[in-house]
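Line order of the protein sequences matches chains A and B.
Oh and the first sequence: position 8 is 7 in numbering that gives the first Met the number 0, straight run, nothing missing.
Oh and the second sequence: position 2 is 1 in numbering that gives the first Met the number 0, straight run, nothing missing.
Positions of the beta carbon are idealized from the N, C-alpha and C atoms, including for glycine.
Here the structure is a predicted model, which means the values were calculated and not measured.
Report on the following structure.
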Amino acid sequence: MQRAIVRMQAIISETLFLARSRMQRLPFDPGPIDLREFCSQMVADHEENPRLKFQCAAGRFPATGDALRLRQALENLLSNALKYSEGRWCEPERQP
Amino acid sequence: MSLSASPERYVIEVKDRGIGIPAAEQAEIFDPFFRAFEHRRPARAWLGLSVVKSCIEQHGGSVRFTSEANTGTTFFVELPKSLRRRRKARPGGRPRWSLRRFRATRLACDPAARSNCGNGCAGAQVPAAHAGKLRGIIVDDDPLVRSVLRDLLDASNEVVIVGEAGTVAQARLLARQPGPEVVFLDVNLPDGSGFDLLPELKPNTSVVFVTSAEEYAVHAFDCEAADFLLKRSAPSG
């Protein structure tokens, strides 16, 4: 029974999640974005946090995306990273 | 934060040297209800990651992470270089897999499959060989839960929901009408317990408990529950 409960737990939580996304009717309005500019602007917006750094090769990184939603996602990751490394240093590393 | 490119995709890395995500919680950080655990460990809850996942997946991308306690966490956001249009929203926005999974759940409590079930289910009565659809009611004080269940059940083509109730009192009224054959029943209701409703139901009614409190499971199956669905830590049970 324990296994069944765990499985049902997963089903219910996933469906509730999907329903929440659906109920919020989050719009998706993609357009051209240069990810390099986009990310570096986001990091610049956090100038009060000098620990946060941005590292990227030169050149263009053309992509298609919804700027609002991408920003929402990345802001969340950045603010979590800053919050949970309070008092420590935070530095990017090269992609292996 | 760093950005790099591979032939097909971009990878945005967000790395910290923080406290890390405890191993026991790593599996559930993308869970929309992960916040529900905040009361347990307020300083460590990672907020809103299910939204992050949803945003990135809208772009045809994916999110993953590595984390080690007291060393730090790195999130990898991968985005395709060219946006692959996702399938147009399904009518009613219903994901196809949820129907399939729900059917699997139903099968698990089907009498024919019950011999595999071991314990607890032996007394359950699901009128499985019903020619038409089962008449069902949903009793839950959370409108969201009701709406989700209704969607799933509509999709299953096996149950027609003839009523919804948010309280025991409303449920009693519904139970008196041409009786429901299956009741999806929450336990903690504003005016009492879902168990209070059981004496009011006709003897051949199947009850599927839908609750966030695991401790009711044994009692539920004692009451010959047909099934027991656990909601993940919804705040108001």
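- For P49(A), no chain B residue has a Cβ inside 7 Å of its Cβ, as the nearest lies near 13 Å away.
- Straight-line measurement puts the Cα of T72(B) at about 12 Å from the Cα of I28(B).
- Here F27(A) is exposed: its Cβ has fewer than 16 other Cβ atoms, across all protein chains shown, within 10 Å.
- Under DSSP, A4(B) forms a beta bridge with Y9(B).
- When rounded, the separation of the alpha-carbon atoms in G17(B) and G64(A) is 30 Å.
- In the three-state scheme derived from DSSP, where H, G and I count as helix and E and B as strand, N203(B) is classed as coil.
- Counting of Cβ neighbours within 10 angstroms places N69(B) among the exposed residues, the total staying below 16.
- With a 10 Å radius around the Cβ and a threshold of 16 neighbouring Cβ atoms, S5(B) comes out exposed.
- About 6 Å separates the beta carbon of L152(B) from that of G135(B), a gap short enough to meet the 8 Å contact definition.
- Between L197(B) and V167(B), the CB-CB gap reaches or exceeds 7 Å.
- Look at the beta carbons and you see the region 45-64 of chain B not touching the region 39-48 of chain A: under three pairs across the two are nearer than 8 Å.
- Taken through DSSP and simplified to helix, strand or coil, S66(B) comes out as strand.
- Exclusion of the five residues before and after I11(B) leaves L2, V76 as the residues of its chain whose Cβ lies within less than 6 Å of its Cβ.
- Among the residues of the region 52-64 of chain A, those with a Cβ less than 9 Å away from any Cβ of chain B are K52, F53, Q54, C55, A56, G58, F60, P61, A62, T63, G64, in the order of the chain.
- Shortest Cα-Cα distance from V159(B) to any of M0(B), P179(B), A174(B), G165(B) involves P179(B).
- Take A170(B), set aside five residues on each side of it, and the residues of its chain with a beta-carbon closer than 6 Å to its own are V138, A164, L196, in chain order.
- N187(B) is bridged by DSSP to S192(B).
- In terms of beta-carbon proximity, D15(B) lines the interface with chain A, with at least one pair separated by less than 7 Å.
- Of the candidates H58(B), Q57(B), L184(B), L82(B), L184(B) places its Cα closest to the Cα of D140(B).
- Distances from the alpha-carbon of V144(B) to those of L133(B), K132(B), T210(B), V161(B) put T210(B) closest.
- Taking 7 Å as the threshold, the shortest C-beta distance from L34(A) to chain B falls below it.
- Using beta-carbon distances, S205(B) does not count as an interface residue toward chain A, since no partner is under 7 Å.
- Beta-bridge partners assigned by DSSP to Q54(A): S1(B).
- When the alpha-carbon of H58(B) is set against those of Q71(A), S84(A), A43(A), the nearest one is in Q71(A).
- Going by C-alpha positions, L133(B) is about 20 Å away from G193(B).
- DSSP, read as helix, strand or coil, puts L82(B) in coil.
- Between the alpha carbons of L48(B) and P31(A) lies a gap of roughly 25 Å.
- Annotation: G193(B) has no Cβ neighbours in chain A at a cutoff of 7 Å; minimum Cβ distance is about 16 Å.
- For the pair V50(B) and L76(A), the CB atoms are not nearer than the 7 Å cut-off.
- At a cut-off of 7 Å between C-beta atoms, A43(A) does not count as an interface residue with respect to chain B.
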